[in-house]
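Each protein sequence line maps, in turn, to chains W and V.
In case it helps, our numbering puts the first sequence at residues 10 to 375.
In case it helps, our numbering puts the second sequence at residues 10 to 375.
A short worksheet on the structure shown next.
2 protein chains.
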Amino acid sequence: MTDKRNFTSIVEDLPTAIPFVGPEAIERRVGRTFDARLGANESAFGVSLKALEAMRDEASRVAWYNDPENHDLRGAIASHHGVGAAQIVVGAGIDDLLGLAVRLFAEPGQPIVASQGAYATFVYHVHGYGCEPVTHPYRDDRNDLEALAAAATASDAPLLYVSNPDNPAGTWVEASDLEALIDRLPETCTLLLDEAYAEFAPASAIPTMSVNPRVIRFRTFSKAHGMAGLRVGYAICDEQVALGFDKIRLHFGVNRIAQAGALASLEDETFIRTVVRRVEKGRAHYARIGTSLDLSTLPSATNFVTFDAGSRTRAESILSSLQDRGVFVRKPSEPPLDRCFRVTVGTDPERDVFEKTLTELVRSGA
Amino acid sequence: MTDKRNFTSIVEDLPTAIPFVGPEAIERRVGRTFDARLGANESAFGVSLKALEAMRDEASRVAWYNDPENHDLRGAIASHHGVGAAQIVVGAGIDDLLGLAVRLFAEPGQPIVASQGAYATFVYHVHGYGCEPVTHPYRDDRNDLEALAAAATASDAPLLYVSNPDNPAGTWVEASDLEALIDRLPETCTLLLDEAYAEFAPASAIPTMSVNPRVIRFRTFSKAHGMAGLRVGYAICDEQVALGFDKIRLHFGVNRIAQAGALASLEDETFIRTVVRRVEKGRAHYARIGTSLDLSTLPSATNFVTFDAGSRTRAESILSSLQDRGVFVRKPSEPPLDRCFRVTVGTDPERDVFEKTLTELVRSGA
Numbered sequence: 010m011t012d013k014r015n016f017t018s019i020v021e022d023l024p025t026a027i028p029f030v031g032p033e034a035i036e037r038r039v040g041r042t043f044d045a046r047l048g049a050n051e052s053a054f055g056v057s058l059k060a061l062e063a064m065r066d067e068a069s070r071v072a073w074y075n076d077p078e079n080h081d082l083r084g085a086i087a088s089h090h091g092v093g094a095a096q097i098v099v100g101a102g103i104d105d106l107l108g109l110a111v112r113l114f115a116e117p118g119q120p121i122v123a124s125q126g127a128y129a130t131f132v133y134h135v136h137g138y139g140c141e142p143v144t145h146p147y148r149d150d151r152n153d154l155e156a157l158a159a160a161a162t163a164s165d166a167p168l169l170y171v172s173n174p175d176n177p178a179g180t181w182v183e184a185s186d187l188e189a190l191i192d193r194l195p196e197t198c199t200l201l202l203d204e205a206y207a208e209f210a211p212a213s214a215i216p217t218m219s220v221n222p223r224v225i226r227f228r229t230f231s232k233a234h235g236m237a238g239l240r241v242g243y244a245i246c247d248e249q250v251a252l253g254f255d256k257i258r259l260h261f262g263v264n265r266i267a268q269a270g271a272l273a274s275l276e277d278e279t280f281i282r283t284v285v286r287r288v289e290k291g292r293a294h295y296a297r298i299g300t301s302l303d304l305s306t307l308p309s310a311t312n313f314v315t316f317d318a319g320s321r322t323r324a325e326s327i328l329s330s331l332q333d334r335g336v337f338v339r340k341p342s343e344p345p346l347d348r349c350f351r352v353t354v355g356t357d358p359e360r361d362v363f364e365k366t367l368t369e370l371v372r373s374g375a
Numbered sequence: 010m011t012d013k014r015n016f017t018s019i020v021e022d023l024p025t026a027i028p029f030v031g032p033e034a035i036e037r038r039v040g041r042t043f044d045a046r047l048g049a050n051e052s053a054f055g056v057s058l059k060a061l062e063a064m065r066d067e068a069s070r071v072a073w074y075n076d077p078e079n080h081d082l083r084g085a086i087a088s089h090h091g092v093g094a095a096q097i098v099v100g101a102g103i104d105d106l107l108g109l110a111v112r113l114f115a116e117p118g119q120p121i122v123a124s125q126g127a128y129a130t131f132v133y134h135v136h137g138y139g140c141e142p143v144t145h146p147y148r149d150d151r152n153d154l155e156a157l158a159a160a161a162t163a164s165d166a167p168l169l170y171v172s173n174p175d176n177p178a179g180t181w182v183e184a185s186d187l188e189a190l191i192d193r194l195p196e197t198c199t200l201l202l203d204e205a206y207a208e209f210a211p212a213s214a215i216p217t218m219s220v221n222p223r224v225i226r227f228r229t230f231s232k233a234h235g236m237a238g239l240r241v242g243y244a245i246c247d248e249q250v251a252l253g254f255d256k257i258r259l260h261f262g263v264n265r266i267a268q269a270g271a272l273a274s275l276e277d278e279t280f281i282r283t284v285v286r287r288v289e290k291g292r293a294h295y296a297r298i299g300t301s302l303d304l305s306t307l308p309s310a311t312n313f314v315t316f317d318a319g320s321r322t323r324a325e326s327i328l329s330s331l332q333d334r335g336v337f338v339r340k341p342s343e344p345p346l347d348r349c350f351r352v353t354v355g356t357d358p359e360r361d362v363f364e365k366t367l368t369e370l371v372r373s374g375a
């Protein structure tokens, strides 16, 4: 056997880089455990006790296959949003569904439009299916909807990706602006609207829930629900689009415990409201930290806050110094946001660790 | 918006049929719960208590992302088989990994070889990536390795799929025959060797664990480990092939609880030995039932037994009558095995329900 692995031409051309190195992997590499894990936008406020109970109960039934139709969970999600169950597709996180969306709509070689520095896993899928990213920079640290629509039209892209609230910026655009964007898109372009952080956003940022055949909205149990490690996300879309997902998705992809946990969490609205309030309090804390250290923070409608370090060099230096001191944060890699670092809202003690560590760093000249 | 959904040409051409309708879905459609769920080759003997404890414990940590490197589980699997961790790829069941394997090696339009009536989810992926199945019938109810190798050579297929022990037949071929097959394959063809039922097979059916760059072996926690609903499988392959999987796999695809449960189950070897013994006892019971009813059974190295009804019509009639009486079984859809129905080894009470029901049916002329 030679070195040639017989891979397809698309795979041969792919880089070996992966979108995110997990916190545990970083810990293994640096040889220490983080004191404050504030880099992956996980929820610091845990999971609903009702969901915990449901997961523990379901664990005794894992010998049986999970329901490939995700029937009960899909029905509950549909009721929650006031849409039909046939308009819901459940997947192993939004990551899974984004990959399927690329596969559904884009032929190899086609352009796909997103902001420069958009969610890395989406870009991973764009490359993974042999498509070409067409990007436009953030403007005023927000998705530049007009420029993105123009890019989609000019490139005849089958897909445009927008996250709102945005990851990695944390900022948001108004629902009315999104609706204007949708009206402006060519009929051959589908908008992938990633709303992973919707629960944390002002109501004015979330379009009303009328299913549009040219829009797929993505939601997740990873953020407000505190279930990042469970892997459950869903798409809200036209019924015909949902049937398309059914033609290619991994039907048994969302395990029994994940389905049961997500269902129970969806029903625990009190828990979610509490999480959202705690996140709001934490964001305000981070804004105060920024003010006190003369580091401006971007407005955030998510469970993280983006700190503006003024330059890429300084942002990288602060990030690396924080990590050396046991505080895990991440930063955007592309300009103009590469001048920033991004901090997940932690618990009170975690935020205190972050505040103390960052303050020491900045006071000592970082 | 017109009816056109802008799907790719591959997706447009796909059927809406899915490989397996889940037992719960069948129950919802027939409006009753099965008394004996013996159709999906799930384990009737549940899950390791150590694994159950590990899953319940891990449930409290789902707010954190799972480890995308599956580091601990991968290490344990590698030790278990005496290979390197870099030769293990963990996925959400063998189903997930089979899809990735097609995507890694096969361009749209290329032929992929398998037995006629081979595992339906594999064929789903072959179609899903726009490839063309090239099939050869089972011979003496076994994979016809010589014919499959000849078909792979003649069609210049990048992939040949063989399950051993076989699903849906339950039969097996000897390791020496598989090794001869591998020697015979063109250098441009990779063998996908699905060993989902390996734990139930005679040692002589399982090739020694020397990693071959032209072979990918697939194992699962769904069968002997009793974790079908947890979705964990793995590939054992050349390190360069594993790096290929890393370029396209869903890195966060196997959730925290699944990783923790599988790891604990792997360490509970006593449990697995007990399951294997109980399955052997159940297979012998089914063989006796067959003899008493003049229905021959195929030899099985799996956790199910294939009953030969003599004709497709009779097999379908028996299957449908069993289902009407609350006994869920499945049957192969393609000749020559379409004359058979396939029954998972159940617990003692489940096998008694099956025996009683089948006996009544056959005695009344089915």
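Glycine included, C-beta positions come from ideal geometry on N, C-alpha and C.
State the start and end residues of the unbroken beta strand (DSSP E) segment that holds residue i.
{"i": "L307(V)", "result": "Segment: none, L307(V) is in no beta strand (DSSP E) and carries neither H nor E."}
{"i": "Y295(W)", "result": "Counting along the chain, Y295(W) falls outside any beta strand (DSSP E), though it belongs to the alpha helix (DSSP H) covering E278 to S301."}
{"i": "D203(V)", "result": "T199 to D203"}
{"i": "V224(W)", "result": "V224 to T229"}
Would you grab the beta carbon distance between residue i and residue j for me? Rounded to a whole angstrom, and I think it's under 8 angstroms.
{"i": "G242(W)", "j": "L23(W)", "result": "Going by Cβ atoms, the distance from G242(W) to L23(W) rounds to 24 angstroms, so no, they are not a contact pair."}
{"i": "A205(V)", "j": "I103(V)", "result": "6 angstroms"}
{"i": "T366(V)", "j": "L47(V)", "result": "Not a contact, Cβ separation roughly 10 angstroms."}
{"i": "L239(V)", "j": "G270(V)", "result": "6 angstroms"}
{"i": "L113(W)", "j": "G100(W)", "result": "Not confirmed; about 12 angstroms, so no contact."}
{"i": "I225(W)", "j": "A244(W)", "result": "5 angstroms"}
{"i": "S248(W)", "j": "A95(W)", "result": "The amino acid occupying residue 248(W) in the given sequence is Glu; Ser does not appear at that position. Contact holds; Cβ gap of about 5 angstroms."}
Measure the alpha-carbon distance for residue i versus residue j and round it to whole angstroms.
{"i": "I266(V)", "j": "V56(W)", "result": "14 angstroms"}
{"i": "P394(W)", "j": "D44(W)", "result": "Any answer about residue 394(W) is impossible in this case: the structure gives chain W only from 10 up to 375."}
{"i": "L252(W)", "j": "T25(V)", "result": "7 angstroms"}
{"i": "R360(V)", "j": "P28(W)", "result": "49 angstroms"}
{"i": "D347(W)", "j": "T315(W)", "result": "11 angstroms"}
{"i": "R286(W)", "j": "L331(W)", "result": "27 angstroms"}
{"i": "A214(W)", "j": "R151(V)", "result": "60 angstroms"}
{"i": "V92(V)", "j": "V220(V)", "result": "8 angstroms"}
{"i": "C349(W)", "j": "A49(W)", "result": "15 angstroms"}
{"i": "R65(V)", "j": "M64(W)", "result": "7 angstroms"}
{"i": "G374(W)", "j": "E364(W)", "result": "15 angstroms"}
{"i": "A212(W)", "j": "R351(W)", "result": "23 angstroms"}
{"i": "D12(V)", "j": "L302(V)", "result": "Residue confidence is low: D12(V) scores 47 on pLDDT, short of 50, so the model does not pin down where it sits. No coordinate-derived value is stated."}
{"i": "F337(V)", "j": "P32(V)", "result": "8 angstroms"}
{"i": "A237(W)", "j": "P77(V)", "result": "12 angstroms"}
{"i": "M10(W)", "j": "A85(V)", "result": "Reliability fails at M10(W), whose pLDDT of 39 lies under 50, so the model's placement of it is uncertain and the value that follows must be treated cautiously. Between M10(W) and A85(V), the C-alpha separation is close to 28 angstroms."}
{"i": "L154(W)", "j": "R37(W)", "result": "40 angstroms"}
{"i": "A184(W)", "j": "V30(V)", "result": "39 angstroms"}
{"i": "G179(W)", "j": "A293(W)", "result": "14 angstroms"}
Listing by chain order, which chain V residues have their CB less than 7 angstroms from the CB of residue i?
{"i": "T25(W)", "result": "L252, D255 and K256"}
{"i": "F16(W)", "result": "L113, F114 and G253"}
Say yes only if the C-beta of residue i is nearer than 7 angstroms to one or more non-hydrogen atoms of the ligand COA, and no if none qualify.
{"i": "Y170(W)", "result": "The model on display carries no ligand, and the ligand COA is accordingly not part of it."}
Return the first residue and the last residue of the alpha helix (DSSP H) that residue i is part of.
{"i": "P142(W)", "result": "Run containing P142(W): none in the alpha helix (DSSP H); it sits in the beta strand (DSSP E), E141 to H145."}
{"i": "D247(V)", "result": "D247(V) -> no alpha helix (DSSP H), and no H or E assigned at all."}
{"i": "F114(V)", "result": "G102 to F114"}
{"i": "I327(W)", "result": "R321 to D333"}
{"i": "A87(V)", "result": "H80 to H90"}
{"i": "A189(W)", "result": "A184 to R193"}
For residue i, which residues in chain W fall below 7 angstroms Cβ to Cβ?
{"i": "G355(V)", "result": "Per Cβ cutoff of 7 angstroms: no residues; G355(V) is ~12 angstroms from chain W at best."}
{"i": "P216(V)", "result": "By Cβ distance, chain W contributes nothing, its closest Cβ being about 17 angstroms from P216(V), past 7 angstroms."}
{"i": "L200(V)", "result": "None at all; the shortest Cβ gap to chain W is about 12 angstroms."}
{"i": "P167(V)", "result": "N15"}
Could you work out which residues of chain W lie near residue i, taking near to mean beta carbons separated by less than 9 angstroms?
{"i": "F29(V)", "result": "Y74, P77, H260 and F261"}
{"i": "E51(V)", "result": "A72, W73 and Y74"}
Along chain V, in chain order, which residues have C-beta atoms closer than 8 angstroms to that of residue i?
{"i": "L105(W)", "result": "The identity of residue 105(W) in the sequence shown is Asp, whereas the question assumes Leu. L259 and G262, listed in chain order."}
{"i": "I245(W)", "result": "Ordered by position in chain V, no residue passes the 8 angstroms Cβ test against I245(W), which lies about 16 angstroms from the chain."}
List the residues of chain W that residue i touches, going by C-beta distances under 8 angstroms, in chain order.
{"i": "E141(V)", "result": "Residues of chain W passing the Cβ test: none, with the nearest at roughly 15 angstroms."}
{"i": "T197(V)", "result": "N15"}
{"i": "R37(V)", "result": "H80"}
**Report entry** Segments assigned beta strand (DSSP E), at least 3 residues, entirely inside the segment 341-369 of chain W
**Finding:** Within the segment 341-369 of chain W, the complete beta strand (DSSP E) runs of at least 3 residues fall at 349-353.
Report task. Pick out the complete beta strand (DSSP E) segments inside the segment 118-177 of chain V, 3 residues or longer, and give them in chain order. Result -> Counting only runs of 3 or more, we get 120-124, 141-145 and 168-172.
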